[in-house]
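> One structure coming up, written as structure tokens, with questions to follow.
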Amino acid sequence: MWVFGYGSLMWDNWQRTHGGTDGVLAELKGYQRSFNKASRVNWGTDATPGPTLNLVEKADGVCVGYAFEFDDSKQVEVFAYLERREGKNFPLRKMRIKLSDGRNVEAHLPVYVGGNVITGKNLDELVAMAMAAVGRDGKASDYVLNVAGKLNAVGVEDATVIAFAAAIRNAQQSGG
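Residues in the sequence shown are numbered consecutively from 28, following the working numbering.
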């Protein structure tokens, strides 16, 4: 059984607790990352929601993330953990991904379907939101920088993540 991560699932080693592999790079075609999910628990609050990642369909899009393999006997345990972690509005969808070794596999991945969607915000407004938001798991700005750091460490260039992380670093340096 495979699980595909494109946000914090890539960098916090959650899979080790459930006997999963360290992960391999994988591509999900037809989708791209978007910081359009307003986190009101993990990376923000109701008063100061934090912009976090979701996937949006894009015909020529490719989202590069991490695929983690688990023994099939761990499915119930892993799915229960992901539901607790991600919430009921992130149901797991089964989609085809391409692993870095060229194999195509079916993977489960969380895709947001709830109502806490950020629309109509420019990059400066998203940065202001991220700089103000702190939730159960930490600062929304750290969430963005951790995703960017993980992708950068493995040579993955995602324009959306790079631009947001650079803008956050600029805001931090200017005292914003």
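Note that the Cβ used here is the ideal one computed from N, Cα and C, for glycine as well.
By the 10 Å Cβ neighbour count, where 16 or more other Cβ atoms means buried, how is R120 classified, buried or exposed?
Reading the sequence shown from its first residue, position 93 is the one you call residue 120. Counting Cβ neighbours within 10 Å, R120 comes out exposed, since fewer than 16 surround it.
> So L124 is in the beta strand (DSSP E); what residue range does that whole segment cover?
Mapped onto the sequence shown, residue 124 falls at position 97. Contrary to the premise, residue 124 reads as Ile rather than Leu in this sequence. From DSSP, the beta strand (DSSP E) with I124 extends over L119 to L126.
> Identify, in the order they occur along the chain, each residue of the same chain with its Cβ nearer than 7 Å to the Cβ of G141, setting aside the five sequence neighbours on each side.
Taking the first residue of the sequence shown as 1, we reach residue 141 at position 114. Excluding positions up to five away in sequence, the list reads N116.
> Output yes or no for whether 8 Å exceeds the beta carbon distance between V83 and V183.
Counting from one through the sequence shown, the residue named residue 83 turns up at place 56. Counting from one through the sequence shown, the residue named residue 183 turns up at place 156. Contact: no.
> Is A86 helix, strand or coil when you go by DSSP?
Locating residue 86 in the sequence shown gives position 59, where the first residue counts as 1. Looking at A86 - three-state DSSP - the assignment turns out to be strand.
> Please classify V30 as buried or exposed, where buried requires at least 16 other C-beta atoms within 10 Å of its C-beta.
Walking along the sequence shown from the start, residue 30 turns up at place 3. By the 10 Å Cβ count, V30 comes out buried.
> Quick check on Y108: does DSSP put it in helix, strand or coil?
On the sequence shown, residue 108 is found 81 positions in, with the first residue counted as 1. Three-state DSSP puts Y108 in a helix.
> Relative to the C-alpha of F106, which candidate in D128, S127, H135 and R130 has its C-alpha closest?
What you label residue 106 is simply residue 79 of the sequence shown in a count that begins at 1. For F106, the nearest C-alpha among the options comes from H135.
> Going by other Cβ atoms of all chains shown within 10 Å of its Cβ, with 16 needed for buried, is A160 buried or exposed?
The sequence position of residue 160 within the sequence shown is 133, counting from 1. A160 should be labelled buried.
> Going by beta carbon distance, what residues of the same chain come within less than 6 Å of V138, once the five residues before and after it are set aside?
Translated into positions along the sequence shown, residue 138 becomes position 111. So the list reads L82 and R120, once near-sequence residues are dropped.
> Taking DSSP as the reference, what is the three-state secondary structure of W41?
Within the sequence shown, residue 41 is the residue found at index 14, counting from 1. Helix at W41.
> Using the rule of at least 16 other Cβ atoms within 10 Å of the residue's Cβ for burial, across every protein chain shown, is D185 buried or exposed?
By 1-based counting over the sequence shown, the position of residue 185 is 158. Answer is buried; the Cβ neighbour count reaches 16.
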